[in-house]
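Some notes on the structure that comes next.
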Amino acid sequence: MSNEFYEKLKLVRTAIGLSQNKFSLLVDIPLASYKKYEVGDREISFTALTKITSHPKCSKYALWLITGSTNPASGQIAPGDKSPEEVQEQQVLSDKEYESKFTETVIDSLLLFCHLDWFAPNKEKVNFDDCGKVIFKDLRPVIEQRFKSTALNKQIKSA
0 MSNEFYEKLK
10 LVRTAIGLSQ
20 NKFSLLVDIP
30 LASYKKYEVG
40 DREISFTALT
50 KITSHPKCSK
60 YALWLITGST
70 NPASGQIAPG
80 DKSPEEVQEQ
90 QVLSDKEYES
100 KFTETVIDSL
110 LLFCHLDWFA
120 PNKEKVNFDD
130 CGKVIFKDLR
140 PVIEQRFKST
150 ALNKQIKSA
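Residue 139 in numbering that gives the first Met the number 0 sits at position 140 of the sequence shown, with consecutive numbering throughout.
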């Protein structure tokens, strides 16, 4: 990704999905001036920069536009990055996938136990899907506590 301001400015505009004309109207900058900013023919004024970075559609790119850095936790991203909301939504999907994989693994283990004659299920009543979900529900707090304590230990060691 380029560090040139004018190239970053163009990336912000295209991420929003606007033409130069519509973007200049959106942020209240004369089109001729904006075009010069975007091709690097003119240094951007503080007033123009403030108009861009304070606009609700552009504010999430402000830190990146000025410094090249991002801070997703505070909502500051670069064009093309996932927003914190999208990351959180993806995390929810990952949790669902985790539960599904966990349940599937438990079912496989239970079937193996049956195959090894470690126990004989009542074929009329047993539902391995439900067994997997119940075991997941019961073990999830234990698993999460283990990950939390591991993360805490890493933080303590790095301090």
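Backbone N, C-alpha and C define an ideal beta-carbon position, used for all residues, glycine too.
Nearest Cα to ALA14 within the set VAL38, LEU30, GLY79, PHE112: GLY79.
ALA31 and GLU143 have their C-alpha atoms spaced approximately 56 Å apart. Taking ILE65 as reference, the option from VAL26, SER18, LEU25, ILE43 with the minimal CA-CA separation is ILE43. By the CB criterion at 8 Å, LYS7 and VAL26 fall outside the cutoff. Rounded to whole angstroms, the gap between the alpha carbons of VAL38 and THR104 is 56 Å. Counting along the chain, VAL38 sits inside the alpha helix (DSSP H) bounded by residues 30-38. For ALA61, the CB contacts under 7 Å within the same chain, skipping 5 residues up- and downstream, are THR52, GLN75 in chain order.
Non-local beta-carbon contacts of PHE135 in its own chain, meaning distances under 8 Å to residues more than five positions away in sequence, involve GLU98, PHE101, THR102, VAL105 in chain order. Of the residues GLY67, ARG41, LEU24, SER82, the one whose Cα lies closest to the Cα of HIS54 is LEU24.
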